[in-house]
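Novice:
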């Protein structure tokens, strides 16, 4: 299958709320590259098909995954879904845990100031996106199901303020 290079999908407030569930994020991780059925996703992440089906329906209704194929196998119609994007962006925070005032048992952060050419800015964002996708895929495996959950984001902010006309 050809590698999808979708830009980040802008999220509405309602879609951001859907991503508040770690299980839904795992489902999206499984559906990043290859269309899969509910049963295939459930097997991969070690969850029951009924539970996964419920959450996949919510993701589909929220336009975060697409139904891309239906196959009749015996008397059953298998439905194949894929994530609409490999990454998402939101004006507001998707995860309340990222608020600096959130009292977490574990928090690590990194900060840097960089001078970047336009093409460097885009490449940096792509590289971080690829790294996040790698870890999303890795941690959707069933042997991670009972591990501690973490959330992260990557925000690249220009120090140049908008002019009055740009606001």
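Residue numbers (the numbering used here): 1 to 167.
Just so it is clear, CB atoms sit at the ideal spot from N, CA and C, and this is done for glycine as well.
#1: Pull up the CB-CB distance for residue 30 and residue 39, whole angstroms please, since I reckon it's below 8 Å.
#2: Output needed for residue 129: all residues of its chain with C-beta closer than 6 Å, excluding positions within five of it in sequence on either side, in chain order.
#3: Does the beta-carbon distance from residue 124 to residue 156 come in below 9 Å?
#4: Take the Cβ of residue 167 as the centre, count every other Cβ of all protein chains shown within 10 Å, and call the residue buried at 16 or more, exposed below.
#5: Suppose you measure from the CA of residue 102 to the CA of residue 26; what does that come to, to the nearest Å?
#6: What residue range is occupied by the uninterrupted beta strand (DSSP E) comprising residue 73?
#7: Can you tell which of 165, 60 and 71 has its C-alpha closest to the C-alpha of residue 85?
#8: Just the Cα atoms here: how many angstroms apart are residue 106 and residue 45?
#9: Is it the case that the Cβ atoms of residue 113 and residue 43 are separated by a distance below 9 Å?
#10: Measure from the alpha carbon of residue 63 to the alpha carbon of each residue in 145, 81 and 160, then state which is nearest.
#11: To the nearest angstrom, how far is it from the Cα of residue 66 to the Cα of residue 79?
#12: Tell me whether residue 138 sits in a helix, a strand or coil according to DSSP, three-state version.
#13: What would DSSP say about residue 125, mapped onto helix, strand or coil?
Specialist: Taking the structure as given:
#1: As a working note, residue 30 is residue 30 in the chain shown. As a working note, residue 39 is residue 39 in the chain shown. Actually they are not in contact, since the Cβ atoms of residue 30 and residue 39 sit about 12 Å apart, beyond 8 Å.
#2: Residue 129 sits at position 129 when you count from the first residue of the chain shown. 87, listed in sequence order.
#3: Within the chain shown, numbered from 1, the residue matching residue 124 stands at position 124. Within the chain shown, numbered from 1, the residue matching residue 156 stands at position 156. In contact: residue 124 and residue 156 (Cβ atoms closer than 9 Å).
#4: Numbered from its first residue, the chain shown carries residue 167 at position 167. Exposed, by the Cβ-count rule.
#5: Looking up residue 102 in the chain shown gives position 102. Looking up residue 26 in the chain shown gives position 26. Each residue's alpha carbon lies about 23 Å from the other.
#6: Residue numbering aside, residue 73 sits at position 73 when the chain shown is read from its first letter. In the DSSP annotation of this structure, the continuous segment of the beta strand (DSSP E) that includes residue 73 starts and ends at 65-73.
#7: Position 85 of the chain shown holds residue 85. Of the listed residues, the one whose Cα sits closest to residue 85 is 60.
#8: Your numbering for residue 106 matches position 106 in the chain shown. Your numbering for residue 45 matches position 45 in the chain shown. Distance between the alpha carbons of residue 106 and residue 45 is about 24 Å.
#9: Position 113 of the chain shown, counting from 1, holds the residue named residue 113. Position 43 of the chain shown, counting from 1, holds the residue named residue 43. In this structure, residue 43 does not lie closer than 9 Å to residue 113 by Cβ.
#10: Locating residue 63 in the chain shown gives position 63, where the first residue counts as 1. Taking only the C-alpha atoms, the option nearest residue 63 is 81.
#11: Mapped onto the chain shown, residue 66 falls at position 66. Mapped onto the chain shown, residue 79 falls at position 79. Rounded to the nearest whole angstrom, the CA to CA distance from residue 66 to residue 79 is 10 Å.
#12: What you label residue 138 is simply residue 138 of the chain shown in a count that begins at 1. In the structure shown, residue 138 sits in a helix (DSSP, three-state: H, G or I).
#13: Translated into the one-based positions of the chain shown, residue 125 becomes position 125. Here residue 125 carries a helix assignment [DSSP, helix/strand/coil].
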